[in-house]
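Here the structure comes first, spelled out in structure tokens, and everything after it is commentary.
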Amino acid sequence: MTSILIEHVDYLITVNEHNEILRNVSVLIVDGVITEIGADIQTSTDVERIDGKRKLLMPGLVNLHTHTPMGLLRGVSEDVDLQDFLKIVWAAEGAVMDPDTVMLGSTHAAVESLLSGTTTQLDMYFHHESAHRGARNVGIRHVGGPTFLDFPGPDNKTWEERLTEADRWEKVKKEIGGPAIPSVMCPHGTYTVSESHLSDLVAITKSWTNPMMTVHVSENAAENEDVLSRLGKTPTRILEDAGALKGDFPIVFGHGVHLTDDDFSLAAKPHITIAHCPGSNLKLASGALRYQTYRDAGIQLGIGTDGCSTSNDLDIFTAMRLSAMLAKLTSASVQTAPSVDIIRAATINGAKALGMGEDIGSIEIGKRADVILIDLDKPHLAPIYDINALVVYSVGKGDVSDVIVDGELLVKNGEMVKFDTEKLLDDVEAAAKRVRKALS
Ligand SMILES: [Zn+2]
Numbered sequence: 139m140t141s142i143l144i145e146h147v148d149y150l151i152t153v154n155e156h157n158e159i160l161r162n163v164s165v166l167i168v169d170g171v172i173t174e175i176g177a178d179i180q181t182s183t184d185v186e187r188i189d190g191k192r193k194l195l196m197p198g199l200v201n202l203h204t205h206t207p208m209g210l211l212r213g214v215s216e217d218v219d220l221q222d223f224l225k226i227v228w229a230a231e232g233a234v235m236d237p238d239t240v241m242l243g244s245t246h247a248a249v250e251s252l253l254s255g256t257t258t259q260l261d262m263y264f265h266h267e268s269a270h271r272g273a274r275n276v277g278i279r280h281v282g283g284p285t286f287l288d289f290p291g292p293d294n295k296t297w298e299e300r301l302t303e304a305d306r307w308e309k310v311k312k313e314i315g316g317p318a319i320p321s322v323m324c325p326h327g328t329y330t331v332s333e334s335h336l337s338d339l340v341a342i343t344k345s346w347t348n349p350m351m352t353v354h355v356s357e358n359a360a361e362n363e364d365v366l367s368r369l370g371k372t373p374t375r376i377l378e379d380a381g382a383l384k385g386d387f388p389i390v391f392g393h394g395v396h397l398t399d400d401d402f403s404l405a406a407k408p409h410i411t412i413a414h415c416p417g418s419n420l421k422l423a424s425g426a427l428r429y430q431t432y433r434d435a436g437i438q439l440g441i442g443t444d445g446c447s448t449s450n451d452l453d454i455f456t457a458m459r460l461s462a463m464l465a466k467l468t469s470a471s472v473q474t475a476p477s478v479d480i481i482r483a484a485t486i487n488g489a490k491a492l493g494m495g496e497d498i499g500s501i502e503i504g505k506r507a508d509v510i511l512i513d514l515d516k517p518h519l520a521p522i523y524d525i526n527a528l529v530v531y532s533v534g535k536g537d538v539s540d541v542i543v544d545g546e547l548l549v550k551n552g553e554m555v556k557f558d559t560e561k562l563l564d565d566v567e568a569a570a571k572r573v574r575k576a577l578s
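Heads up: the sequence shown begins at 139 in the working numbering, then just goes up one per residue.
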């Protein structure tokens, strides 16, 4: 692996524990690890140099909740609520989402995400092996795993077939290779997987090396009411009773918009993180997560986009901005969600949520190099008074110039380094034709 020297960046947002911002520094990456940060770094000859002048360097963004292949369904189900959305989308998925299409969709999403500054994503989707292969081929740090429903679902698999896939997952993941990631178990939700089945999945997850779990929780009020009326408990209480919240592994709640006070007491733990998806929640009118109330209750928050069929893109910069604005609105306080907190949510909090807080999520010596450069030489990014606020409220995905994942330069000057994007878009359009036909 080539060493990379990023020279003389104007700003470095470290996201270390003191939230230090450094000026005019260089960063050396050797064998995928950040080995030096300083004003003047001397290196040997065999180093790829990136000019950091008029640029901002920060940790790569972590998308903590998404369904990557659903990019192929972007715009397919508009102006309907979650329940109607699921009816349309599950019909489309059942018709077109075979392993090949899933691999295409996850490839497509990985390219979109990298170009938008996301270096790690927590994914939940059927045919998880194909999704993982597609994303890994592009180079993003993709955390995906076996996805469970009590009924056959779009992939038409029985519960036993899903269990067999889960048994194989650690081995398959190792064969596929790529940057270090946890093994994630993905029960879809407490309204789609029974408590006893959840208990079985908890037992399997505990048997894995470096395990974690992710599950949809209290996304909208209708979900809470449905689960409460049928099962007599909230989704969070069901997870508690199924043994998923005991601290045996990190767990990420997708959405978690409608947690109750009782849920807070169960979920306010360091190994539990809510993936706040404000874009999807706003668009599906699912509700507004009460950011400050959650923070005051001791809940960990990361940021996600959700799948492209609800959020319409995989842009964490937009999700950061919406998180901050929504937090201020719901608390009626401008002091809520300062920019530095929002940046932490989209970087180090996401890394910690995956059990990877020691490896990625900040720019510090000894950490893996998942970093992005932002081109500051743009009218909408001048002048600069508050660099954190600039990132949250002014920087957009189109400002990302370079992206490095695990020490590998994947995006250079706003373009994929070794990926045929034109061919990809032709393949995506061919898949879209099948979707249109299936829904007509
Ligand atoms: Zn979701």
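Glycine included, each C-beta is placed from N, C-alpha and C at the ideal position.
Measuring from the CB of residue i, is there a heavy atom of ligand 1 at a distance below 6 Å?
{"i": "Asp444", "result": "yes"}
{"i": "Ser291", "result": "The question names Ser, yet the displayed sequence has Gly at residue 291. The answer is no for Gly291."}
{"i": "Gly392", "result": "yes"}
Could you check where the alpha helix (DSSP H) with residue i kicks off and where it finishes?
{"i": "Asn275", "result": "266-276"}
{"i": "Leu202", "result": "Taken as a continuous stretch (DSSP letters only), Leu202 belongs to no alpha helix (DSSP H), being part of the beta strand (DSSP E) at 199-204."}
{"i": "Glu303", "result": "297-314"}
{"i": "Ile167", "result": "Premise fails: Ile167 lies in the beta strand (DSSP E), 159-168, not in any alpha helix (DSSP H)."}
{"i": "Glu250", "result": "237-253"}
{"i": "Asp379", "result": "373-379"}
{"i": "Tyr149", "result": "No alpha helix (DSSP H) contains Tyr149, which is instead part of the beta strand (DSSP E) from 141-151."}
{"i": "Glu333", "result": "333-345"}
{"i": "Arg212", "result": "Taken as a continuous stretch (DSSP letters only), Arg212 belongs to no alpha helix (DSSP H), as it is neither H nor E."}
{"i": "Val227", "result": "220-234"}
How would you call residue i, buried or exposed, if buried means at least 16 neighbouring beta carbons within 10 angstroms?
{"i": "Asp149", "result": "Per the sequence presented here, residue 149 reads as Tyr, with Asp not at that position. With 16 or more Cβ atoms within 10 Å of its Cβ, Tyr149 is classed as buried."}
{"i": "Val472", "result": "exposed"}
{"i": "His518", "result": "exposed"}
{"i": "Pro325", "result": "buried"}
{"i": "Leu563", "result": "exposed"}
{"i": "Glu303", "result": "buried"}
{"i": "Glu363", "result": "exposed"}
{"i": "Glu299", "result": "exposed"}
{"i": "Asn584", "result": "Residue numbering for the chain in the displayed model covers 139 to 578; residue 584 lies beyond these limits and cannot be assessed."}
{"i": "Phe289", "result": "exposed"}
{"i": "Asp217", "result": "exposed"}
{"i": "Leu547", "result": "buried"}
{"i": "Thr285", "result": "buried"}
{"i": "Met139", "result": "exposed"}
{"i": "Tyr523", "result": "exposed"}
{"i": "Asp184", "result": "exposed"}
{"i": "Leu260", "result": "buried"}
{"i": "Pro207", "result": "buried"}
{"i": "Asn358", "result": "buried"}
{"i": "Pro521", "result": "exposed"}
Contact defined as beta carbons within less than 8 Å: I believe residue i pairs with residue j. What is the distance between those atoms, to the nearest angstrom?
{"i": "Leu211", "j": "Cys415", "result": "Incorrect: roughly 16 Å between the Cβ atoms, too far for contact."}
{"i": "Ile385", "j": "His409", "result": "Per the sequence shown, the amino acid found at residue 385 is Gly instead of Ile. Rounded, the Cβ-Cβ distance is 5 Å, consistent with contact."}
{"i": "His205", "j": "Val566", "result": "At roughly 16 Å, the Cβ-Cβ gap does not stay under 8 Å, so His205 and Val566 are not in contact."}
{"i": "Val276", "j": "Leu253", "result": "Not confirmed; about 10 Å, so no contact."}
{"i": "Val340", "j": "Gly381", "result": "5 Å"}
{"i": "Ala413", "j": "His203", "result": "4 Å"}
{"i": "Gly488", "j": "Val168", "result": "Wrong, their Cβ atoms sit about 25 Å apart, outside the cutoff."}
{"i": "Arg459", "j": "Val234", "result": "Actually they do not touch by this definition, with Cβ atoms about 32 Å apart."}
{"i": "Gly392", "j": "Val355", "result": "7 Å"}
{"i": "Leu160", "j": "Thr152", "result": "7 Å"}
{"i": "Leu194", "j": "Ile512", "result": "4 Å"}
{"i": "Gly282", "j": "Val322", "result": "7 Å"}
{"i": "Asn450", "j": "Gly213", "result": "7 Å"}
Quick one: give me the first and last residue of the beta strand (DSSP E) that residue i is part of.
{"i": "Tyr621", "result": "Because the chain spans 139 through 578 in this model, residue 621 falls outside it and cannot be assessed."}
{"i": "Cys446", "result": "Here Cys446 belongs to no beta strand (DSSP E); instead the alpha helix (DSSP H) covers 446-449."}
{"i": "Gln438", "result": "438-441"}
{"i": "Gln473", "result": "It is not in any beta strand (DSSP E) - Gln473 carries neither H nor E in the DSSP assignment."}
{"i": "Ala413", "result": "410-414"}
{"i": "Phe387", "result": "First-last for Phe387: undefined, no H or E at that position."}
{"i": "Gly176", "result": "171-176"}
{"i": "Glu186", "result": "185-189"}
{"i": "Asp261", "result": "256-261"}
Closer than 7 Å, CB to CB, is residue i near chain C or not?
{"i": "Ser182", "result": "No chain C appears in the structure shown, which is made up of a single protein chain."}
Is residue i near ligand 3, with its Cβ less than 6 Å from a heavy atom?
{"i": "Asp453", "result": "Ligands in the displayed structure: ligand 1; ligand 3 is not one of them."}
* What beta strand (DSSP E) runs, 3 residues minimum, are completely inside the segment 544-577? -> Considered as a whole, the segment 544-577 harbours 546-550 as its complete beta strand (DSSP E) runs of no fewer than 3 residues, in chain order.
* Please list the segments of the alpha helix (DSSP H) lying wholly inside the segment 484-510, counting only runs of 4 or more residues, in order along the chain. => Unbroken alpha helix (DSSP H) runs of no fewer than 4 residues, entirely contained in the segment 484-510, are found at 486-491, following chain order.
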